[in-house]
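Numbering (my numbering), first residue to last: 1489 to 1837.
Put into structure tokens, the structure is as follows:
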């Protein structure tokens, strides 16, 4: 496995660290969520962390990414600030969208993470539009669109993929197939004998399918796919099989909801990407238990600092809620309204 042409011991350690880091961050969010200080619904990526880490390892700072409602891992893997993420969950002004977006609407242009949105499939055409702009500018940059299996049931997916094929756009569709749309299994929504990546292939996209929970098994392939998109255009559609460990939305376990059987959950827990990679690297003596302990200490310190930062940060000024909403418009009416609100607040105080 480790004789693959592009992967080194240091790269293996880096991948493990980043996957473990996202896992520990998400677990801390789940632990603290019942405190009621996070002012938004949250969709955790626990169980699915390896995919964005491997994918984003092939992205540069000038490459772009868009995501869905389950966006924390994508944002962090693309280089997003942990302080900015946690502060955003707390609705604070120091959040990556200044406390205006919450968990499902992350954006950080400084790292090329353009947007995540709550509406299924909503960012797919945005990502295709970004890749069109890259093509017109004749850059070597690519756009990565993270989506779930349910997004391919939206009409906009077909329109966008068809246009990307027509224009040979430098875009990669990363489909995290976790087998469920909320509580509805894939088999009740799509034909069981038709892999999603074959559907994309039928539209004309170059396609592949990987085990998303075994990051070393597709690391090289993702490098090759990314190189092909940069050199020859796309689109590529890559389907990853994976599984979320927690409830669709929230911090809880959900076996009591009885929509997925315990033996299925146990099977996927045995394929936990953190455990899979840990076992592989320790068996090859690339990683020791002391290394893992050191990683955990370092990551936990970073996490504690981020939550402290969020707690101590200020909430946005209510009067700033219209900022960054309009461009090149006559906003005299808005200024007048804000001044009236300021007067009302002064009277109330």
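Don't be surprised by glycine CBs; every beta carbon is placed ideally from N, CA and C. Computed from a prediction, not measured in an experiment: that's the story for all the values here.
Around the C-beta of residue 1771, are 16 or more other C-beta atoms found within 10 angstroms, so that it is buried, or is it exposed?
exposed
Under DSSP, the beta strand (DSSP E) around residue 1750 begins and ends at which residues?
From DSSP, residue 1750 is part of no beta strand (DSSP E) but of the alpha helix (DSSP H) over 1750-1758.
Buried or exposed: which applies to residue 1832, given that a residue is buried once 16 or more other Cβ atoms fall within 10 Å of its Cβ?
With a threshold of 16 other beta carbon atoms within 10 Å, residue 1832 falls short and is exposed.
Could you name the residues of the same chain whose beta carbon sits closer than 6 Å to that of residue 1506, not counting the 5 residues immediately before and after it, in chain order?
Excluding positions up to five away in sequence, the list reads 1541.
Can you tell me which residues form a DSSP beta bridge with residue 1531?
1738
Given residue 1511 as reference, the closest of 1523, 1548 and 1562 once Cα atoms are compared:
1562
Could you compute how far the alpha carbon of residue 1746 sits from the alpha carbon of residue 1768?
33 Å
As a quick exercise: from 1723, 1704 and 1732, pick the residue whose alpha carbon is nearest that of residue 1755.
When 1723, 1704 and 1732 are compared, the shortest CA-CA separation from residue 1755 is found for 1732.
With 16 other Cβ atoms within 10 Å as the buried cut-off, status of residue 1717
Buried, by the Cβ-count rule.
To test your reading of the DSSP string, which unbroken alpha helix (DSSP H) runs of 4 or more residues are found completely within the segment 1649-1733?
1684-1691 and 1707-1720
Residue 1763 to residue 1609, Cα distance in whole Å?
31 Å
In the DSSP assignment, find the beta strand (DSSP E) that holds residue 1504 and state where it starts and stops.
Careful: residue 1504 lies outside any beta strand (DSSP E), inside the alpha helix (DSSP H) at 1497-1520.
Residue 1579 burial status per 10 Å Cβ neighbour count (16 or more: buried)
buried
Assess contact between the segment 1702-1713 and the segment 1643-1659, defined as three or more Cβ pairs (one per stretch) separated by less than 8 Å. Is contact present?
no
At least three beta-carbon pairs within less than 8 Å, the segment 1551-1567 to the segment 1595-1613
Contact holds: three or more Cβ-Cβ distances are below 8 Å.
Distance check for residue 1498 and residue 1544, CA to CA, integer angstroms please.
16 Å
So residue 1797 and residue 1621 are in contact, right, with Cβ under 8 Å, and what is the actual spacing, rounded?
Going by Cβ atoms, the distance from residue 1797 to residue 1621 rounds to 34 Å, so no, they are not a contact pair.
Going by CA-CA distance only, name the one from 1701, 1509 and 1688 that's closest to residue 1761.
1701
Mapping the DSSP letters down to three states, classify residue 1602 as helix, strand or coil.
strand
Once you ignore the five residues that flank residue 1729 on each side, which residues in its own chain have a CB closer than 7 Å to its CB?
1665, 1699 and 1700
Please go through the same chain and pick out, in chain order, the residues whose beta-carbon is closer than 6 Å to the beta-carbon of residue 1592, but skip the five residues on each side of it.
1557 and 1606
Let me know the secondary structure DSSP gives residue 1634 once reduced to three states.
Here residue 1634 sits in strand by DSSP.
Three Cβ pairs or more, each shorter than 8 Å: is that satisfied between the segment 1629-1638 and the segment 1581-1590?
no
Can you pull the DSSP bridge partners for residue 1553?
1601 and 1632.
Excluding the 5 residues preceding and the 5 following residue 1675 in the sequence, name in chain order all residues of the same chain whose CB lies nearer than 7 Å to its CB.
none
Check whether residue 1600 and residue 1549 have beta carbons under 8 Å apart
yes
Compute the beta-carbon to beta-carbon distance between residue 1721 and residue 1658, rounded to the nearest angstrom, for a pair I have assumed lies under 8 Å.
Their Cβ separation, rounded to whole angstroms, is 6 Å, which keeps residue 1721 and residue 1658 in contact under 8 Å.
If you draw a straight line from the C-alpha of residue 1503 to the C-alpha of residue 1773, how long is it?
16 Å
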